[in-house]
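One structure is given below, encoded as structure tokens.
In this note's numbering, the protein residues as written are 526 to 785.
If you want it as structure tokens, here you go:
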């Protein structure tokens, strides 16, 4: 998808996408870039975000690959600062980074497994959202990274936070307690934050997709098959391959806040 240099719905906007090296994050990043946005790509996999940035550049878009761990407060501060220094104030934040965690009964889940899943899938959303919102508040008070030439303070303010949840945050999910708990909590965080910042015209939404074809779901299927003493191919045969459509870019527009 080539970026339209003369337009595009998000031309002049800066979008930060976490977990952008593959899967849903990669598709979201390319979709925004195709609509003219400058996109910051964050992942712990430096080679992965570099490849996605190259793909975007080859299509005429602009992307900034950044290595960072969303569960690290120091890393979050660094990649948010680098994004705003290189591209300008962030206007859309997509909290997509996540890990599947173990597939096992709760009695076999270690404290380390539990803490790591919540650190990435929940605390990471808190840290990224807080850091970006701090910049918005600072700019409204006359401080922080200034808006690019030609953009008003209102235009340069954040328009939306999009949290990528999961169907696991709406149903029971046996043998995936850490993951499901984090995704349920993410829905609560989304609704709460939407109430806090909605009066400022900032939208907060949570998308809860089902299984999406890609490396992560393949890992989950393989783990589930092993836990049931089944061949991995048995799990794959029951996995519905529904292609992901790049429609998340519609969320920053007008409409109700706090949706899921």
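Ideal Cβ placement from N, Cα and C applies to all residues, glycine included. Since the structure is predicted, the reported quantities are computational estimates derived from the model, not experimental observations.
Do you know offhand how far residue 684's Cα is from residue 631's? When rounded, the distance between both Cα atoms is 39 Å.
Taking buried to mean at least 16 other C-beta atoms within 10 Å of its own C-beta, is residue 664 buried or exposed? buried
Start and end residues, beta strand (DSSP E) containing residue 592: 587 to 592
Return the CA-CA distance between residue 661 and residue 617, expressed in angstroms with no decimal places. 11 Å
Who does residue 732 pair with in a DSSP beta bridge? 689
Please return the same chain residues whose Cβ sits closer than 6 Å to the Cβ of residue 575, not counting the five positions on each side in sequence. 590
Cα-Cα, which of 540, 557, 584 is closest to residue 605? 540
Compare the C-alpha of residue 554 against each of 533, 649, 588 and name the closest. When each option's Cα is compared against that of residue 554, the closest is 588.
CB contact flag (residue 731, residue 692, <8 Å): no
Could you give the distance in angstroms between the alpha-carbon of residue 566 and the alpha-carbon of residue 602? Each residue's alpha carbon lies about 15 Å from the other.
Option nearest residue 611 by Cα separation, candidates 550, 564, 533, 638: That would be 564, whose Cα lies nearest to the Cα of residue 611.
Under 8 Å, do residue 626 and residue 704 count as touching if we go by C-beta distance? Judged by beta-carbon spacing, residue 704 lies within the 8 Å limit of residue 626, meaning their Cβ atoms are closer than that value.
Return the chain-ordered list of same chain residues with a C-beta closer than 6 Å to the C-beta of residue 675, the five sequence neighbours on each side being excluded. Bear in mind that the predicted position of residue 675 carries a pLDDT of just 49, short of 50, making it too unreliable to give a figure here.
So with Cβ pairs under 8 Å, would you call residue 584 a contact of chain D? Absent from the structure is chain D; it holds one protein chain and no more.
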